[in-house]
Structures are given as structure tokens and as C-alpha cells.
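Engineer: One structure is given below, represented as C-alpha cells, and several questions about it will come after.
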Amino acid sequence: MSSATVPPNSEQRPEKVSLPNAFARTIRRLLDPAVLFGLLVVTGILGVIEWLVASDIVSRAVVALPSDAIAGLFSREFRGQILSASQLTFSLVAAALAAEVIVAVPVGYFLYRKPAFGSAYEGWLASLFAAPVFLLYPLFMVIFGRNNFTLIFMGFVSGVIPIIIHARVAFMTVPETLINVGRSFHLSQATIFWKIILPSSVPTIFAGIRLGLVYTLINIIAVEFLVDAGGLGRMVSDRYFRFDIAGTYTAICAVALISIAFTLIINRLEKMVR
Amino acid sequence: MTRNVSTHWRLSQVTWIKLVTIAILLAAWQAIAVSGLLYEGIVPQPLLVAKALWFELIDPSLYVDLGYTLLESVIGFFFGSSLAIVTGIWLGSSSFSRRAFEPYILALASMPKVIFLPILFLVFGLGIESKIAKAAMSAFFPTVLSTVAAVLQIDRVLINVGHSFDLRPTQMARMIYIPAISRPLMIGLQLSMAMSIIGVLSAEIAYANVGLGARMIHYSDQFNISSMYAVMVIIFAVTSTINYAFSKAQTPFLRYERVRGEATGGSLANAAAPGKSAVPG
Chain D
4 MSSATVPPNS EQRPEKVSLP NAFARTIRRL LDPAVLFGLL VVTGILGVIE
54 WLVASDIVSR AVVALPSDAI AGLFSREFRG QILSASQLTF SLVAAALAAE
104 VIVAVPVGYF LYRKPAFGSA YEGWLASLFA APVFLLYPLF MVIFGRNNFT
154 LIFMGFVSGV IPIIIHARVA FMTVPETLIN VGRSFHLSQA TIFWKIILPS
204 SVPTIFAGIR LGLVYTLINI IAVEFLVDAG GLGRMVSDRY FRFDIAGTYT
254 AICAVALISI AFTLIINRLE KMVR
Chain H
27 MTRNVSTHWR LSQVTWIKLV TIAILLAAWQ AIAVSGLLYE GIVPQPLLVA
77 KALWFELIDP SLYVDLGYTL LESVIGFFFG SSLAIVTGIW LGSSSFSRRA
127 FEPYILALAS MPKVIFLPIL FLVFGLGIES KIAKAAMSAF FPTVLSTVAA
177 VLQIDRVLIN VGHSFDLRPT QMARMIYIPA ISRPLMIGLQ LSMAMSIIGV
227 LSAEIAYANV GLGARMIHYS DQFNISSMYA VMVIIFAVTS TINYAFSKAQ
277 TPFLRYERVR GEATGGSLAN AAAPGKSAVP G
């Protein structure tokens, strides 16, 4: 069969996702009657709130006009603030995440290599995962002061546990056959780790990193809000303490939109890694 | 016989590792406390914390704070999870509603709920109402996600069998839907309860006169670090106990599910536990 009649890699073509295809799919999804209905209901709820506040049935000292809160997102002053606050929060998250991965993956590997330690600590790790670790922030405030180190550390303690748990499970679930193949080629333990164990565990470790990232972001924003320091969380608390109601609602909308965008990006990245 | 010996050896090894780790942690704590590496009082000696814990436990005002925190958490959990179960069943059983509203619920679930505290304080005031509302908000999202996933994983065969026997909607709910969703729902409720307590504590830390969160932050502001640690220990003990109680409450559902799993070729037993994947906040 000549290459003229059958183009190379023709069977792989449908798997490629081009930009126009993705755009068309998004448009198709948006035109779904259910999605349109959902949008209509949400817009309707915002419209009712707008009417209640505008007609003073609900006090403006309690609820801001949705139109004011949304318009605030596009003001020049707010755009500058949100940019710098996002930069600060995301650099804190990145620093915490880097520390989490550096610590958690070797710890996860140790717990896999030493099953007795893995069995001894797995219950403790699970308990720590469910525990309200953000309560430790007054302690770190006293140790590090009211600065970025406290925020990074608070992000770290909340995000490192899920990554350790996932890393251990990831190493444990590497097929024994693959490791035996490596041994049959007389590969060293280090080569087996780098060439076989680590690549096979990446998808599960990444699931842990995704979870750790979400925990880190949530905890850093929460502590920023509670101690009135840092970026996005402080933006909300700062406006609230100044009793700038519309500004508070705008800041909450901004943090919500950033968190949603961040989660969507992470989910997409995880799918790509898998 | 050999396997029994090996298992026994492994168990005792695990116990020893736990005991030695606790001893090392306590020794390290004591060493840091007396070393003077950190400011005096930041890391108090374990004995001082134990003493502070004892004084906390014999202080009647602790139980008032504990009562407030538990009351706010339980009421919030009840309202939040009840609404979530109804919403979850509705979304799970209607594809149209799910496509319409699930994206908003998923988006809200992935957000740090603590940023909504200003709105809750403005709307519900600074009393226990805002803490109850925060607990309800924290409980809602894990439960609704678990319920939707639980309804979606119900074996179609079971539903078809119910229809073929002409079961009434109440009978369908009692004999098929509720037993089928109970186990994943319990996992979601366990997570929701933990989230409710965390939500209440964060609201109490932000602004409150009563409750364990307010008590802890009060000690922190006074630089009474031993008592702050003691309150933390109490909070961790309370959350662990509630978590354990929920785990124990799942046992009958697990047994029931195992029986059903065997009867249905394991389809239910192999069903994913959706509550575990719920995003916290």
C-alpha cells in the first residue's frame, strides 16, 4: 500500500485535539439547553438580589448590589491589586508545593521500602490528613512572625500529607513484573527506581500533588484571611475591616474566580499526565 | 503456622516503631524546649502542656466552649447535609439538572469557604448563627458531591428489578435507593462532619466570644502557649473521636453492602467511594 493512498498515522488523527475542535466542543456544550437553563437560573437569582437591594428591601450595608460587585472586578485600581495579590499568593503556594514534593516523595518511597514503617505510620498520616492542621497557625505566627514564612509553612503542613500518602500508594502499586524485568537485566536499585518505579508511579503521585496543591491554596488563603497578611485572603479581610461592603463582595468574587480557574487548570493538567 | 509467627512478628515490630517514634518525638520536643533555640515559652516542655491540659479539663468553662462548638457544628451539619442529600438525589437522578447546576456546585466546592465569612457575618451577625451557617456551608459540598456520585453508581439492574416488580416510589426508595447509597453517603457525611467542625473553628477564630476556636486564639493573644497547646490537643481529640464514631457507624452498612456485593456479583462492593474524592474547604 502506498503512502499516497494511506497517509501516515492516519489512525491517530481522531485523537488529536486541535484548537478549533476544542472551541467547537465548548460552543456545543454552551448551547446545551440544560447549560442555558442553569445560566438563566443563576442570572435570575442575581437579578432578584439586585432588585431586593436596589429597592432597599435588603440593606446595602449587608449585601452589595451584584452589578456593583461585578463592575468592581473591571476597575483599573482593583485589577492592579488583584494582579499583585495573585502573584504573591501563587508564589507562596509554589514555594510550599516545592517543599512538599521535595519532602513527600522521598518519605513516600521510604515508607514503601520499609513496610513496617509504612504500616506503623499510615494510620497517623490518615488522622493528620483529616485533622484541622490550620489551627497550628498561631504557633507558627509566634515562631516565624506575621510574614510569608508562616503562610508557606501553613501551606506546607496541609499539603505534604496527601502527597506522602499518594506517593506511598503509587510506589506500592507499581507492577512487580516490571521490577522483576529490571532485575533480570541486572539493573542497579537506583536505575530500577529512576527508569521503572518512578515513571510508573507518576500518575498517582500527580493525583496526590493535585490534592496537595488544592489543600495548600485553600489553607494559605484561609490563613491570609485570618491573620490579615499575604495576598488574596488579605484582599478580602482588608476590605471587610474597612467596611467596604461592595469591595468585600468584589474581592470574594475575584478570589472565587481565581480558585475556580486554578482548579480547572490543575484538573486539565492531571488529565494530560494520566 | 509460619505465617502466624511472621504476622505476629510484624505486628510487634509495628507497635515498637510506633512506641519508639512517640518516645523520639517527646524527647525532641523536650530537647527543643530546654535548648533555648526558640524564644522562651514558644515550645513549652511536654510536662507543662500536660499540666495545662489537666487545668483545662477541670475548668468548667472549657465545657461551655466545647458545648458551643459542638452545638454549632451539629446544627450546621444537620441543615447543610439534609439540604445536600435532597439536592444530591435530585441532581443524581436528573441528567438535565445535573448538566445545568453541577458545574456551579463543583466550582463552589473547590473554593476556600473561609472567604465567605465576611458575608456570613454581615448577613447572620456575629453570634452563633453565623457559625451555624458556616458549618452548614462546609457540610453541604462534600455531602452533595457524595450523594450525586452515590446515586449515579446505583446498579441499573437493581432499579430495573424494582420497576419490574411494580414497586411504588416509597418502596423503591426504601428497598433500593437508600440501601444502595447509604455506604458512600456515610463516607460523605463523615467528611462533612469534619468540615463542619473545621468551619466552625475558623469562624470562631475570626470572630467569637465563645467556642474552642475563640478559647484557643484568646490564649494565643495572651501568649499563654501551654494552654493554647492544651486546647489544640482537646480539639484534635474531639475531632478524632467524632471521626472514629462515624467510621464505626459505617460498619453495618459495610456488612450489608458486602452481602449485596456477593449477591450482585460484587458490583456494589467494587463501587468507588466518592466521598473520599470530595474537595475540602
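Chains as they are written, first to last, in my numbering: chain D, 4 to 277; chain H, 27 to 307.
Each residue gets a CB set at the ideal place from its N, CA and C atoms; glycine is no exception.
If you measure beta-carbon to beta-carbon, which residues of the segment 55 to 68 of chain H are closer than 7 Å to chain D?
Structural biologist: Against chain D - using a Cβ distance shorter than 7 Å - the residues of the segment 55 to 68 of chain H are L64 and I68.
Engineer: If I'm right that L217 (chain H) touches P168 (chain H) with Cβ under 8 Å, what's the distance once you round it to whole angstroms?
Structural biologist: About 4 Å separates the two Cβ atoms, so the contact holds.
Engineer: Here's a check: name, in chain order, each residue in its chain whose Cβ is nearer than 8 Å to the Cβ of F127 (chain H), leaving out the five neighbours to either side.
Structural biologist: Cβ within range, chain order: L117.
Engineer: Of the choices D:N270, D:F265, D:A97 and D:Y243, whose alpha-carbon is the least far from that of I141 (chain H)?
Structural biologist: Closest option to I141 (chain H), Cα to Cα, is D:Y243.
Engineer: Contact check, Y140 (chain D) vs V230 (chain D) under 8 Å by CB: the rounded distance?
Structural biologist: Right, the Cβ-Cβ distance comes to about 7 Å (below 8 Å), so this counts as a contact.
Engineer: Taking I167 (chain D) as part of the alpha helix (DSSP H), name the residues at either end of that continuous run.
Structural biologist: Taken as a continuous stretch (DSSP letters only), the alpha helix (DSSP H) holding I167 (chain D) covers N151 to M175.
Engineer: Thinking C-alpha only, which one of H:L171, H:I224, H:A54 and H:I261 is nearest L309 (chain H)?
Structural biologist: Residue 309 (chain H) is absent from the model: chain H starts at 27 and stops at 307.
Engineer: Hey, does S218 (chain H) have any beta-carbon neighbour from chain D nearer than 9 Å?
Structural biologist: Closer than 9 Å: no.
Engineer: Whose C-alpha, out of H:M254, H:A165 and H:I251, is nearest the C-alpha of T113 (chain H)?
Structural biologist: Comparing Cα-Cα distances from T113 (chain H) to each of H:M254, H:A165 and H:I251, the minimum goes to H:A165.
Engineer: Is there a Cβ of chain D sitting closer than 9 Å to that of F262 (chain H), yes or no?
Structural biologist: Closer than 9 Å to some Cβ of chain D, the Cβ of F262 (chain H) qualifies, so yes.
Engineer: I'd like the list of long-range same chain contacts for F147 (chain H), defined as Cβ closer than 6 Å, with 5 residues on each side in sequence excluded.
Structural biologist: Cβ within range, chain order: S156.
Engineer: Going by the CB atoms, is the gap between G214 (chain H) and V226 (chain H) shorter than 9 Å?
Structural biologist: No, Cβ-Cβ distance for V226 (chain H) and G214 (chain H) is not below 9 Å.
Engineer: Please determine, among H:M201, H:V149, H:L83 and H:Q179, the residue with the shortest C-alpha to C-alpha distance to G188 (chain H).
Structural biologist: Nearest of H:M201, H:V149, H:L83 and H:Q179 to G188 (chain H), Cα basis: H:M201.
Engineer: Which chain D residues sit within Cβ distance under 8 Å of T265 (chain H)?
Structural biologist: Ordered by position in chain D, the residues that pass the 8 Å Cβ test against T265 (chain H) are A133, A134 and P135.
Engineer: Work out the CA separation of L49 (chain D) and L73 (chain H) for me, nearest whole Å.
Structural biologist: Roughly 56 Å separates the two Cα atoms.
Engineer: Put Y94 (chain H) into one of helix, strand or coil per three-state DSSP.
Structural biologist: In this structure, Y94 (chain H) counts as helix in the three-state DSSP scheme.
Engineer: Locate the alpha helix (DSSP H) running through D59 (chain D), then write down its first and last residues.
Structural biologist: Note, D59 (chain D): premise wrong, no alpha helix (DSSP H); not H, not E.
Engineer: Okay, do the segment 100 to 116 of chain D and the segment 154 to 162 of chain D touch, 3+ Cβ pairs below 8 Å being the bar?
Structural biologist: Flag = yes, the segment 100 to 116 of chain D and the segment 154 to 162 of chain D touch.
Engineer: How is Y309 (chain H) classed by DSSP in three states: helix, strand or coil?
Structural biologist: Residue 309 (chain H) lies beyond the residue range present for chain H, which begins at 27 and ends at 307; the question has no answer from this structure.
Engineer: The alpha helix (DSSP H) spanning L229 (chain D) covers which residue range?
Structural biologist: Looking at the DSSP string, the run of the alpha helix (DSSP H) that includes L229 (chain D) is L201 to V230.
Engineer: Mind reading off the beta-carbon distance from V2 (chain D) to G158 (chain D)? Whole number of angstroms is fine, and I expect it under 8 Å.
Structural biologist: Nothing about residue 2 (chain D) can be reported from this structure: the residues present for chain D run from 4 to 277 only.
Engineer: Against P141 (chain D), what residues of chain H qualify as contacts under a CB-to-CB distance less than 8 Å, listed in chain order?
Structural biologist: What P141 (chain D) touches in chain H: M242, I243, S246 and M254.
Engineer: Between the segment 119 to 131 of chain D and chain H, which residues of the former have a C-beta closer than 7 Å to a C-beta of the latter?
Structural biologist: Listed by position, the residues of the segment 119 to 131 of chain D near chain H (Cβ gap below 7 Å) are A119, F120, S122, A123 and S130.
Engineer: Give me the residue from D:I263, D:S62, D:A119 and D:I224 with the minimum Cα distance to T47 (chain H).
Structural biologist: Ranking the options by Cα distance to T47 (chain H), first place goes to D:A119.
Engineer: I want to see whether chain H comes within less than 9 Å of F144 (chain D), judged by CB atoms only; does it?
Structural biologist: It should be noted that the sequence gives Met, not Phe, for residue 144 (chain D). At least one chain H Cβ lies under 9 Å of M144 (chain D).
Engineer: Does the contact criterion of 3 or more C-beta pairs under 8 Å hold for the segment 125 to 142 of chain D versus the segment 242 to 256 of chain H?
Structural biologist: At 8 Å Cβ cutoff, the stretches touch.
Engineer: Report yes or no: is there a C-beta of chain D within less than 9 Å of the C-beta of P306 (chain H)?
Structural biologist: Model confidence at P306 (chain H) stands at a pLDDT of 37, short of 50, so the residue's coordinates are unreliable; what they give is reported in the following sentence. By this cut-off, P306 (chain H) is an interface position.
Engineer: Answer with buried or exposed for R237 (chain D), where buried requires no fewer than 16 other C-beta atoms within 10 angstroms of its C-beta.
Structural biologist: Buried, by the Cβ-count rule.
Engineer: Suppose the cutoff is 7 Å on Cβ atoms and the five residues either side in sequence are ignored; what does the same chain contact list for W127 (chain D) look like?
Structural biologist: Result list for W127 (chain D): empty, nothing under 7 Å.
Engineer: Check the C-beta distance from S89 (chain D) over to L235 (chain D) and give it rounded, since I have them as a contact under 8 Å.
Structural biologist: With a Cβ gap of about 6 Å, S89 (chain D) and L235 (chain D) count as contacting.
Engineer: Could you give the DSSP three-state label for A67 (chain D): helix, strand or coil?
Structural biologist: Three-state result, A67 (chain D): coil.
Engineer: For the alpha helix (DSSP H) that contains N269 (chain H), what are its first and last residues?
Structural biologist: Looking at the DSSP string, the run of the alpha helix (DSSP H) that includes N269 (chain H) is I251 to A275.
Engineer: Using a Cβ-Cβ cutoff of less than 8 Å, which residues in the same chain neighbour P178 (chain D) once the five nearest sequence positions on both sides are dropped?
Structural biologist: Once the five neighbours on either side are set aside, the close Cβ partners of P178 (chain D) are S203.
Engineer: DSSP three-state label for P36 (chain D), please.
Structural biologist: Helix, per DSSP.
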